[in-house]
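Reading through the structure tokens given below for one structure.
2 protein chains.
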Amino acid sequence: MKKISESTIRRLSKYYRSLEQLVEKRTDTVSSDQLAEMDGITSAQVRKDLSFFGTFGKRGLGYNTKALKKQIGEILGLVKEWRVGIIGAGNIGRALVNFGEFKKQGFKVTLIMDSDPAKVGERIQDLTVESTDRLTTLVKSHKIEIAIVAVPTHAAQRVADDLVKAGVRAILNFAPISLKVPPNVQVKYENPAIEIESLSYFLKNS
Amino acid sequence: MKKISESTIRRLSKYYRSLEQLVEKRTDTVSSDQLAEMDGITSAQVRKDLSFFGTFGKRGLGYNTKALKKQIGEILGLVKEWRVGIIGAGNIGRALVNFGEFKKQGFKVTLIMDSDPAKVGERIQDLTVESTDRLTTLVKSHKIEIAIVAVPTHAAQRVADDLVKAGVRAILNFAPISLKVPPNVQVKYENPAIEIESLSYFLKNS
Numbered sequence: 098m099k100k101i102s103e104s105t106i107r108r109l110s111k112y113y114r115s116l117e118q119l120v121e122k123r124t125d126t127v128s129s130d131q132l133a134e135m136d137g138i139t140s141a142q143v144r145k146d147l148s149f150f151g152t153f154g155k156r157g158l159g160y161n162t163k164a165l166k167k168q169i170g171e172i173l174g175l176v177k178e179w180r181v182g183i184i185g186a187g188n189i190g191r192a193l194v195n196f197g198e199f200k201k202q203g204f205k206v207t208l209i210m211d212s213d214p215a216k217v218g219e220r221i222q223d224l225t226v227e228s229t230d231r232l233t234t235l236v237k238s239h240k241i242e243i244a245i246v247a248v249p250t251h252a253a254q255r256v257a258d259d260l261v262k263a264g265v266r267a268i269l270n271f272a273p274i275s276l277k278v279p280p281n282v283q284v285k286y287e288n289p290a291i292e293i294e295s296l297s298y299f300l301k302n303s
Numbered sequence: 098m099k100k101i102s103e104s105t106i107r108r109l110s111k112y113y114r115s116l117e118q119l120v121e122k123r124t125d126t127v128s129s130d131q132l133a134e135m136d137g138i139t140s141a142q143v144r145k146d147l148s149f150f151g152t153f154g155k156r157g158l159g160y161n162t163k164a165l166k167k168q169i170g171e172i173l174g175l176v177k178e179w180r181v182g183i184i185g186a187g188n189i190g191r192a193l194v195n196f197g198e199f200k201k202q203g204f205k206v207t208l209i210m211d212s213d214p215a216k217v218g219e220r221i222q223d224l225t226v227e228s229t230d231r232l233t234t235l236v237k238s239h240k241i242e243i244a245i246v247a248v249p250t251h252a253a254q255r256v257a258d259d260l261v262k263a264g265v266r267a268i269l270n271f272a273p274i275s276l277k278v279p280p281n282v283q284v285k286y287e288n289p290a291i292e293i294e295s296l297s298y299f300l301k302n303s
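Written out as structure tokens, the structure is:
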């Protein structure tokens with residue numbers, strides 16, 4: 098398959114969510130205009146994205162919601178269950194164990210770890226917080242495919258190094274620092290502070 | 098000032114964080130190569146971004162970390178305290194009340210609200226959870242400038258409508274849905290599920 102850009106993947110994730118809502122509401126078909134309106138994207142862009150994947154709406158009928166949802170889900174890799182480990186049992190780590198959107202999309206959190214002895218052994222939902230002293234061993238034995246780094250800034254790079262050693266190739270990082278990883282490892286960043294700063298920029302300059 | 102693109106603002110936020118780390122470590126100067134390395138950006142891009150703002154490093158010396166941090170902070174609007182309200186006292190809302198990066202950057206959470214009577218009245222740090230029945234009144238009296246929407250999907254658009262009525266012009270939305278707002282209101286989205294899906298895409302296709 099041709100290489101798909103980051104921004105296209107992000108739009109596919111948005112379409113996927115809108116289609117999910119439509120399927121839940123038992124809406125059978127959707128036009129590119131409607132999808133565009135739901136996601137705040139131009140309808141030309143929607144048609145371009147979908148035709149790229151060989152999907153074409155029927156003139157006057159639009160797309161079949163279930164079929165399109167299934168197809169986009171396959172592209173995004175949502176057809177299997179992914180094993181997720183969370184490093185850091187602070188507020189963010191805890192919130193993510195319970196994050197409904199992960200469960201719904203097949204991202205199963207099977208491990209949560211912390212370096213703080215006071216937190217180790219604590220129950221969060223049906224998981225027990227494990228010690229990061231055993232990170233490599235447990236990440237391997239749990240067959241973690243995607244790791245979430247939710248530790249303080251100063252510890253993030255060390256944790257990332259350990260994850261890479263344990264064979265993890267995909268990291269979602271909440272620590273406000275750029276992680277250095279080998280080229281075969283993918284890191285995505287999630288930092289509410291970066292988003293809020295584009296809002297303060299907007300308020301200041303408008 | 099010329100209009101700055103979203104992606105430039107995002108890079109400025111990254112530089113700002115790296116400069117903050119350097120200032121904390123009492124490092125006085127930094128080269129564009131070092132900043133590039135810290136943020137995983139090309140050094141040509143760093144120089145281009147900074148020259149756009151009239152900042153030029155000294156050949157062989159680089160940039161003064163403190164001065165550059167101050168200048169970027171001013172561009173991002175980080176020189177004043179912003180009043181932030183959080184709607185939704187679930188896991189994410191709670192995590193954000195305590196989010197260190199917000200405090201450090203001058204985003205002060207002064208209000209948290211929920212529609213669940215069981216949560217109203219509860220203490221979270223030094224705040225008391227207020228009822229969303231009083232949203233418009235309290236958002237106004239607290240002079241909230243930036244609102245964070247951390248409610249379930251089905252409630253998000255109604256909350257956004259109320260926030261707009263109360264005069265809020267900047268919203269950070271954690272609900273997995275596109276919000277419809279007037280053109281003078283800015284919405285930013287934060288959804289860990291979207292980021293994790295680009296990781297599953299990566300794992301599936303590599």
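Line by line, the protein sequences are chains A and B. One gets the working numbering by counting positions in the first sequence from 1 and adding 97 to each. One gets the working numbering by counting positions in the second sequence from 1 and adding 97 to each. All residues carry an ideal CB built from backbone N, CA and C; glycine is no exception. Here the structure is a predicted model, which means the values were calculated and not measured.
Name the residue from the options whose alpha carbon lies nearest to the alpha carbon of residue i.
i: residue 266 of chain B; options: A/258, A/278, A/250 and A/297; result: A/297
i: residue 203 of chain A; options: B/299, B/105 and B/293; result: B/293
i: residue 148 of chain A; options: A/188, A/105 and A/122; result: A/105
i: residue 123 of chain A; options: A/107, A/134, A/150 and A/166; result: A/166
i: residue 275 of chain A; options: A/146, A/257 and A/186; result: A/257
i: residue 301 of chain B; options: A/131, A/130, A/170 and A/227; result: A/170
i: residue 212 of chain B; options: B/224, B/220, B/174 and B/187; result: B/187
i: residue 215 of chain A; options: A/185, A/237, A/173 and A/155; result: A/185
i: residue 280 of chain A; options: B/295, B/280 and B/303; result: B/303
i: residue 155 of chain B; options: B/130, B/103 and B/218; result: B/130
i: residue 102 of chain B; options: B/172, B/253 and B/121; result: B/172
i: residue 295 of chain A; options: B/252, B/174 and B/189; result: B/174
i: residue 249 of chain B; options: B/189, B/137 and B/138; result: B/189
Leaving out the 5 sequence neighbours to the left and right, which residues in its chain are closer than 8 Å to residue i when beta-carbon positions are compared?
i: residue 290 of chain A; result: 273
i: residue 125 of chain B; result: 161, 162 and 163
i: residue 287 of chain A; result: 269, 270 and 271
i: residue 255 of chain B; result: none
i: residue 98 of chain A; result: In this prediction, residue 98 of chain A scores a pLDDT of 49, lower than 50, which makes its location untrustworthy; the coordinate-derived value is nonetheless stated afterwards. Around residue 98 of chain A: no qualifying Cβ.
i: residue 193 of chain B; result: 183, 199, 206, 245 and 247
i: residue 262 of chain A; result: 233
i: residue 278 of chain B; result: 257, 261, 268 and 284
i: residue 282 of chain B; result: 261, 265, 266, 267 and 268
i: residue 222 of chain A; result: 194 and 195
i: residue 146 of chain B; result: 105, 108, 109 and 112
i: residue 219 of chain A; result: 186, 225 and 226
i: residue 253 of chain A; result: 246, 270, 272, 274 and 276
Going along the chain, which residues of its own chain have a beta-carbon closer than 6 Å to the beta-carbon of residue i, five neighbours each way excluded?
i: residue 127 of chain B; result: 119, 159, 160 and 162
i: residue 196 of chain B; result: none
i: residue 227 of chain A; result: 210 and 235
i: residue 237 of chain A; result: 263
i: residue 201 of chain B; result: none
i: residue 299 of chain B; result: none
i: residue 230 of chain A; result: none
Give me, in chain order, the residues of the same chain whose beta-carbon lies closer than 7 Å to that of residue i; leave out the 5 immediate sequence neighbours on both sides.
i: residue 180 of chain A; result: 205, 207, 239, 240, 241 and 242
i: residue 259 of chain A; result: 232 and 233
i: residue 135 of chain A; result: 115
i: residue 177 of chain B; result: 203
i: residue 191 of chain B; result: 221
i: residue 132 of chain B; result: 112, 115 and 143
i: residue 217 of chain A; result: 211, 226, 227 and 228
i: residue 138 of chain A; result: 108
Could you pull the DSSP bridge partners for residue i from this structure?
i: residue 209 of chain B; result: B/183
i: residue 196 of chain A; result: Beta-bridge pairing links residue 196 of chain A to no other residue.
* Pairing CB atoms from the segment 139–157 of chain A with CB atoms from the segment 114–123 of chain A, are three or more of them under 8 Å? -> Under the Cβ criterion (8 Å, minimum of three pairs), the segment 139–157 of chain A does not count as touching the segment 114–123 of chain A.
* If you scan the segment 138–186 of chain B from start to end, which runs of the beta strand (DSSP E) of 3 or more residues do you find wholly inside it? -> List check, beta strand (DSSP E) in window: 179–184.
* To do: May I have a chain-ordered list of the beta strand (DSSP E) segments no shorter than 3 residues that lie completely inside the segment 220–299 of chain A?
  => The segment 220–299 of chain A contains these whole beta strand (DSSP E) runs: 243–246, 267–270 and 283–286.
* Which ranges would you report for the alpha helix (DSSP H) in the segment 103–137 of chain B if only whole runs of at least 4 residues count? -> Complete alpha helix (DSSP H) runs here, min 4: 103–121 and 129–136.
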